[in-house]
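Mapped onto the numbering used here, the consecutive letters of the sequence shown carry residue numbers 3 to 121.
Virtual Cβ for every residue (Gly too), placed ideally from N, Cα, C.
For reference, the structure discussed in these notes is given below.
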Amino acid sequence: MWRNGVKREEITLKDMESLIEKGAFNEDGGLHQSELIQHSLVDHYVPFLPLERRHIEMCTEDDLKRRGHTPTKAIKQRVADEMMYFPPENNLFSTTGCKRVSQKVGYILANDVYDSLFD
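Following this line, the structure appears as structure tokens:
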């Protein structure tokens, strides 16, 4: 859908439901060829869409606040720059979501303190 320019906020449950159901039934994994799906015993599928750079910046802001720091645009951008993204042709989605944000924030804050000692 993103290749067609559809924003994640515009995607509805109806848009995703059949795609997710087919994927859950046909892909190798816990529900592969499952009778739960064949007999419509699963009511809802909850899709987790990959996170974009702006979401990484939001997670960074939360992490900085939790540490008692004032979030700045510069630090949020630095953390987002440290993350890895896919697909390679446009780096749209974070490969790890926000899982490594706290680690990156700690690294950047520590580097800033270290650098300030030698300025």
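Asked                                                                                                                                                 : Found
Just to confirm, does Phe95 get its C-beta within under 6 Å of one of the non-hydrogen atoms of the ligand GDP?                                       : The ligand GDP is absent from the structure shown, which contains no ligands of any kind.
Measuring only the C-alpha atoms, how far is Arg102 from Thr72?                                                                                       : 19 Å
Within its chain, find whatever has a CB closer than 7 Å to the CB of Ser104; leave out the 5 residues flanking it on each side and keep chain order. : Asp65
If you draw a straight line from the C-alpha of Val115 to the C-alpha of Asp121, how long is it?                                                      : 10 Å
In the DSSP output, which residue or residues are listed as bridge partners for Tyr87?                                                                : Ser96
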